Amino acid sequence: MKILHTESSCGWGGQELRVLNEAAGMLRRGHEVLIAAPTESRIFEEASRHGVPVRALPIRKKTLLGLRAMRALLTSMAPSIVNTHSSTDTWTVALASVGLRDAPPLVRTRHISAPIPNNFTSRWLYRRATASVVTTGEALRLQVIREVGLDADRVTSVPTGIDLERFSPGDRLAARRALGIPGLPDQGVIIGIVATLRSWKGHRYLVDAMTGQGLELAHLLIVGDGPGRDNLTAQIAATGQQRRATMAGNQADVVPWLRAMDIFVLPSYANEGVPQALMQAMATGIPVVTTAVGAIGELVRPDDTGLVVTPQDVPAIQAALRRLMGDAALRERLAAAALAHVRMHCSQENMLERMEAVFNSTVARRAVREA
Amino acid sequence: MFSGPRDSIDFSTVRRALVVKLRHHGDVLLTSPVFTALKSHAPHASIDALVYSDTADMLTGHPAIEQVHGIGRQWKELSTAARLSHEWKLFSTLRSRQYDLLIHLSEHPRGAWLSRALGVRHAVAPNISSKPNFWKKSFTHRFAQPLNARRHMVEWNLDALRRLGLQPAPEDRQLMLVAGAKADAAVEQRLQALGLDGQAFIHLHPASRWEFKCWPTERTARLINALQARGLRVVMTAAPSEDERLHVTRILSQTEQAPVNLCGELSLKEMAALSARAALFVGVDSAPMHIAAAMGTPVVALFGPSGEAQWGPWMVPHRVVSSADHPCRPCGIDGCGGGKVSDCLVTLPESRVLAAIDELLAARSS
Chain V
588 MKILHTESSC GWGGQELRVL NEAAGMLRRG HEVLIAAPTE SRIFEEASRH GVPVRALPIR
648 KKTLLGLRAM RALLTSMAPS IVNTHSSTDT WTVALASVGL RDAPPLVRTR HISAPIPNNF
708 TSRWLYRRAT ASVVTTGEAL RLQVIREVGL DADRVTSVPT GIDLERFSPG DRLAARRALG
768 IPGLPDQGVI IGIVATLRSW KGHRYLVDAM TGQGLELAHL LIVGDGPGRD NLTAQIAATG
828 QQRRATMAGN QADVVPWLRA MDIFVLPSYA NEGVPQALMQ AMATGIPVVT TAVGAIGELV
888 RPDDTGLVVT PQDVPAIQAA LRRLMGDAAL RERLAAAALA HVRMHCSQEN MLERMEAVFN
948 STVARRAVRE A
Chain S
2 MFSGPRDSID FSTVRRALVV KLRHHGDVLL TSPVFTALKS HAPHASIDAL VYSDTADMLT
62 GHPAIEQVHG IGRQWKELST AARLSHEWKL FSTLRSRQYD LLIHLSEHPR GAWLSRALGV
122 RHAVAPNISS KPNFWKKSFT HRFAQPLNAR RHMVEWNLDA LRRLGLQPAP EDRQLMLVAG
182 AKADAAVEQR LQALGLDGQA FIHLHPASRW EFKCWPTERT ARLINALQAR GLRVVMTAAP
242 SEDERLHVTR ILSQTEQAPV NLCGELSLKE MAALSARAAL FVGVDSAPMH IAAAMGTPVV
302 ALFGPSGEAQ WGPWMVPHRV VSSADHPCRP CGIDGCGGGK VSDCLVTLPE SRVLAAIDEL
362 LAARSS
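Heads up: the sequence lines are chains V and S, in that order. Note that my numbering has the first sequence beginning at 588, numbered continuously upward. Note that my numbering has the second sequence beginning at 2, numbered continuously upward.
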């Protein structure tokens, strides 16, 4: 199969990583794959660095130039399927396909739960121009069906798979020593978060929660960077936690950081699909505390594969942390169940197989319609 | 048998020698045969090098070299006291080595006063007529310079030995660069991750620190497209500088499919390890081109204002692609009229580069 991925986003997070991993995986499975992205985007740079076929296309914004370039690419490459990932590139592909003979079917992947505007143009985009929609979780799938009124069989949830060979349990003490971060204790409890520093990831509730009773001796480890860094640094200082909090910034390899943690917390309150960092923490075999926002609920079943708290609720986070810190058996049980769940449902191969199935059925449906 | 110059030195009495090259990476690499030839003529002698620290990788690990001493380029920016402290430390080290032969391979004044301050028995440097008497009297021997710009820099460097009475054997004139186990392993791992281990690929290094030595980005992009259309995989490298990054981005934005892009990712040693594994190197007249030649990888080199007679790929299968329509080349200036754009280079068509690549690849497989 000839697969064209398009991505207009210039950021670098779970979404872009998934696109790159999916492309690389399909390549391994013998498909012909090309990513089209703006030259200035990080995914363009990363793809070329990792030897994943990538073509520069001016599709960062909706422009006539981008539209023409896309039309030329669709004609010359003649892909069997186009998989789009952000709004701008989806629009560009959809409009470039208008009137094109043998235009390839469009599969849109929705990575986040931002609302879909209910107007004529959006309805055209989702109902007419798009052949199938893939979401990164079941909750997102239901949202698309509800908001756009699509047939349920045209919307599939394919959670993002992770590399289970890389994300696996490891020795906590060895990881801590190898990181050698001043202030990061050898002994003692480390409560951690790996996420872009954005408001809706809820870092500030975790920082506030750390001041609670019974949590004074725990250390807070924040991995990631983003627009919220200054606010967070200020909040840590204001609550007097400088000595028991580490801001590690962005890390190319988060595995040792996860392994160094005792408890992983992701207090998101909006805009989540299935957070990859949460899955990665579960695959590393550490107990997690999170909310039921977006599609997180499919991953974390309360008191089974993790603890679930209400969003933006500091006392709830404190209670969950105290419960975990005081009960080693509970920590072990949650971690083991989480690990088993992730191994069963969230492997990269699992994701690739399901994406292949979506692509195949989309192409087949098109063939039936044309016959 | 020839007896050489009357004032030839007796190499059997040389216990320790220092070779000084204060230039850029490529220049330093082109001195590597000097060490090989000296060592094979005087196997008992210990031989050291003195270079700018950033170029030390060009010589470290060389089997004929005992120590590589470095001068920091950033010393100039330090306070006088800090600078003097660095200089004193270096001088003390050099003095404690008790050299009895100094070979100075550039016009840098440091060689002259080092020769005097270290009190070496023999010292040789190029004969430069414009230099003052201080220079001339600093050295016991001065090697003659050709009156044209047609002698290869490797031979020019070896001329210092010839002037002392040492005729380098042809097999000692090869370039020598040791990537080292660490760089080898790192590159091996990278190629494996890229699915390129054991696969034939072309190493392309399109940029140079000098813009006037570069080929237009649209031509490089078209060359990449043509190579990839033939099913050849291309791995592109560049130095981690902002200028080169920009150059590479311009190329990438014009390719139909970006090649593997390792720009700014590799150390010089890793670049050497990568080159060694490539089927072919394609680039302009720059240090990486010499590195590829040192690793024995066939080279296609695009030449503009600089001359291949002096700077061409050394002792390795190669093709030089240069203009036949510009009788003014090589001119040695920074673009036509000093305008940073070299006509003889920007007009070179992709077809000629492709033909050169095909020829070398055919020769390699036969």
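Here a beta-carbon is modelled for each residue, glycine too, at the ideal position from N, C-alpha and C. Given the structure is predicted, the values throughout are model-derived calculations rather than measurements.
Cβ-Cβ separation, residue j to residue i (assumed contact under 8 Å), whole Å
{"i": "V:Leu784", "j": "V:Leu737", "result": "Not confirmed; about 34 Å, so no contact."}
{"i": "S:Leu119", "j": "S:Arg143", "result": "Between S:Arg143 and S:Leu119 the Cβ distance is about 18 Å, and since that is not below 8 Å, they are no contact."}
{"i": "S:Leu379", "j": "S:Ala294", "result": "Residue 379 of chain S lies beyond the stretch modelled for chain S, which goes from 2 to 367, so this question has no answer here."}
{"i": "S:Glu271", "j": "S:Ala187", "result": "6 Å"}
{"i": "S:Ala180", "j": "S:Ala273", "result": "4 Å"}
{"i": "V:His806", "j": "V:Val776", "result": "7 Å"}
{"i": "S:Met296", "j": "S:Leu178", "result": "6 Å"}
{"i": "V:Ile630", "j": "V:Leu661", "result": "The Cβ separation is near 20 Å, so there is no contact."}
Residues near residue i in its chain [Cβ-Cβ closer than 7 Å; skip 5 each side]
{"i": "V:Gln829", "result": "Ile823"}
{"i": "S:Arg320", "result": "Val301, Ala357, Glu360 and Leu361"}
{"i": "V:Cys933", "result": "Pro746, Gly748, Ile749 and Met866"}
{"i": "V:Gln657", "result": "One detail in the question is off: residue 657 of chain V reads as Met in this sequence, not Gln. Correct list, in chain order: Leu644, Ile646, Thr679, Val680 and Ala683."}
{"i": "S:Ile48", "result": "Ala18, Val20, Phe36, Leu39, Lys40, Ala65, Ile66 and Glu67"}
{"i": "S:His327", "result": "Asp344 and Cys345"}
{"i": "V:Tyr856", "result": "Trp787, Gly789, Thr878, Val880, Pro898 and Gln899"}
{"i": "S:Val29", "result": "Lys22, Val52, Thr56, Met59 and Leu60"}
{"i": "V:Gly811", "result": "Val781, Ala782, Thr783, Leu784 and Asn837"}
Beta-carbon contacts of residue i that lie in its chain and below 6 Å, excluding the five residues immediately before and after
{"i": "S:Glu222", "result": "For the sequence presented, residue 222 of chain S should be read as Ala rather than Glu. These residues qualify, in order along the chain: Ile252, Gln255 and Thr256."}
{"i": "S:Ser307", "result": "Asp286 and Pro331"}
{"i": "S:Pro217", "result": "Val347"}
{"i": "S:Ala50", "result": "Val20, Leu60, Ile66 and Val69"}
{"i": "V:Arg941", "result": "Val745"}
{"i": "V:Ile622", "result": "His592, Ala610, Ala634 and Val641"}
{"i": "S:Ile72", "result": "Tyr53"}
When the options are compared against residue i, the one with the closest alpha-carbon
{"i": "S:Arg330", "options": "S:Ser9, S:Gln311 and S:Pro318", "result": "S:Gln311"}
{"i": "S:Phe213", "options": "S:Ala184, S:Asp198, S:Met296 and S:His248", "result": "S:His248"}
{"i": "S:Gly62", "options": "S:Leu195, S:Thr37 and S:Trp216", "result": "S:Thr37"}
{"i": "V:Thr679", "options": "V:Ala906, V:His592, V:Gly789 and V:Tyr856", "result": "V:His592"}
{"i": "S:Glu266", "options": "V:Glu632, V:Ala944 and V:Trp787", "result": "V:Glu632"}
{"i": "V:Ala832", "options": "V:His790, V:Lys649 and V:Asp900", "result": "V:His790"}
{"i": "V:Leu766", "options": "V:Asp817, V:Val841, V:Ile699 and V:Thr743", "result": "V:Val841"}
{"i": "S:Arg117", "options": "S:Ala57, S:Glu67 and S:Tyr100", "result": "S:Tyr100"}
{"i": "V:Arg715", "options": "V:Val735, V:Gly881, V:Glu725 and V:Leu804", "result": "V:Val735"}
{"i": "S:Gly284", "options": "S:Ala274, S:Arg24, S:Leu178 and S:Pro314", "result": "S:Pro314"}
{"i": "V:Val950", "options": "V:Tyr713, V:Ile622 and V:Ser667", "result": "V:Ser667"}
{"i": "V:Leu727", "options": "V:Ala610, V:Glu885, V:Ile768 and V:Ile778", "result": "V:Glu885"}
{"i": "S:Thr56", "options": "S:Trp114, S:Gly27, S:Gln168 and S:His42", "result": "S:Gly27"}
{"i": "V:Val620", "options": "V:Ala954, V:Ile809, V:Ala665 and V:Arg710", "result": "V:Ala665"}
{"i": "V:Glu859", "options": "V:Leu651, V:Ala701, V:Gly598 and V:Val694", "result": "V:Ala701"}
{"i": "S:Cys337", "options": "S:Glu309, S:Ser323, S:Gly305 and S:Ser366", "result": "S:Gly305"}
{"i": "S:Ala325", "options": "S:Gly333, S:Leu349 and S:Gly339", "result": "S:Leu349"}
{"i": "S:Leu370", "options": "S:Gly333, S:Arg365, S:Gly339 and S:Asp11", "result": "Outside the displayed range of chain S (2 to 367) lies residue 370 of chain S, so it cannot be described from this structure."}
{"i": "S:Thr298", "options": "S:Ala240, S:Ala239, S:His204 and S:Val354", "result": "S:His204"}
{"i": "S:Phe92", "options": "S:Gly112, S:Leu79, S:His206 and S:Ser107", "result": "S:Gly112"}
{"i": "S:Glu219", "options": "S:Thr250, S:Pro241, S:Asp173 and S:Leu275", "result": "S:Thr250"}
Proximal residues to residue i (C-beta, below 8 Å), its chain only, five neighbours per side dropped
{"i": "S:Ala145", "result": "Asn128, Asp160 and Arg164"}
{"i": "V:Met554", "result": "Outside the displayed span of chain V (588 to 958) sits residue 554 of chain V, for which this structure offers no information."}
Contained alpha helix (DSSP H) runs [length at least 4] in the segment 647-709 of chain V, N- to C-terminal order: Segments of the alpha helix (DSSP H) lying fully in the segment 647-709 of chain V: 651-664 and 674-684.
Runs of alpha helix (DSSP H) lying entirely within the segment 295-339 of chain S, each at least 4 residues, in chain order: Here the runs fully enclosed are 309-312.
Using a Cβ-Cβ cut-off of less than 8 Å, list which residues of the segment 635-650 of chain V approach chain S; keep chain order. Of all residues in the segment 635-650 of chain V, the ones placed with a Cβ closer than 8 Å to any Cβ belonging to chain S are Ser635, Arg636, His637, Gly638, Pro640, Val641, Arg642 and Ala643, in chain order.
Continuous beta strand (DSSP E) assignments of at least 3 residues falling wholly in the segment 739-803 of chain V: Complete beta strand (DSSP E) runs here, min 3: 742-744 and 777-781.
Counting only runs that start and end within the segment 215-275 of chain S, where is the beta strand (DSSP E) found for 3 or more residues in a row? Fully enclosed beta strand (DSSP E) runs of 3 or longer: 234-237.
Of the residues that make up the segment 843-875 of chain V, which ones have a beta carbon closer than 8 Å to any beta carbon in chain S? Of all residues in the segment 843-875 of chain V, none comes within less than 8 Å of chain S when Cβ atoms are compared.
In chain order, what residues of the segment 236-260 of chain S put their CB closer than 9 Å to some CB of chain V? If the cut-off is 9 Å between Cβ atoms, the segment 236-260 of chain S has Val236, Met237, Thr250, Arg251, Leu253, Ser254, Gln255, Thr256, Glu257, Gln258, Ala259 and Pro260 near chain V.
What residues from the segment 194-219 of chain S come within 8 Å of chain V, judged by C-beta to C-beta, listed N to C? If the cut-off is 8 Å between Cβ atoms, the segment 194-219 of chain S has Ala194, Leu195, Gly196 and Leu197 near chain V.
So within the segment 24-96 of chain S, which uninterrupted alpha helix (DSSP H) runs reach at least 4 residues, ignoring any that extend past its ends? The qualifying runs are 26-30 and 33-42.
Select from the segment 749-769 of chain V all residues with a C-beta closer than 9 Å to any C-beta belonging to chain S, and list them in chain order. Identification of residues in the segment 749-769 of chain V having a C-beta nearer than 9 Å to some C-beta of chain S yields an empty set.
If contact means a Cβ-Cβ distance below 7 Å, which residues of the segment 98-129 of chain S contact chain V? The segment 98-129 of chain S vs chain V, Cβ under 7 Å: nothing.
Please give me, in chain order, every unbroken run of the alpha helix (DSSP H) with length at least 4 that falls completely inside the segment 897-953 of chain V. The qualifying runs are 901-912 and 915-932.
Taking beta-carbon pairs under 7 Å, can you tell me which members of the segment 595-623 of chain V lie near chain S? Result list: Leu621.
Going along the segment 178-190 of chain S in order, which residues come within less than 9 Å of chain V, judged by CB to CB distance? Correct list: empty, as no residue qualifies.
If you scan the segment 121-185 of chain S from start to end, which runs of the beta strand (DSSP E) of 3 or more residues do you find wholly inside it? Here the runs fully enclosed are 123-127 and 142-144.
Can you give me, in chain order, the residues of the segment 224-235 of chain S that have a beta carbon less than 7 Å from any beta carbon in chain V? Going along the segment 224-235 of chain S in chain order, one finds no residue with a Cβ nearer than 7 Å to chain V.
Segments of 4+ residues assigned as alpha helix (DSSP H) that fall wholly inside the segment 592-651 of chain V: Correct list: 601-615 and 629-636.
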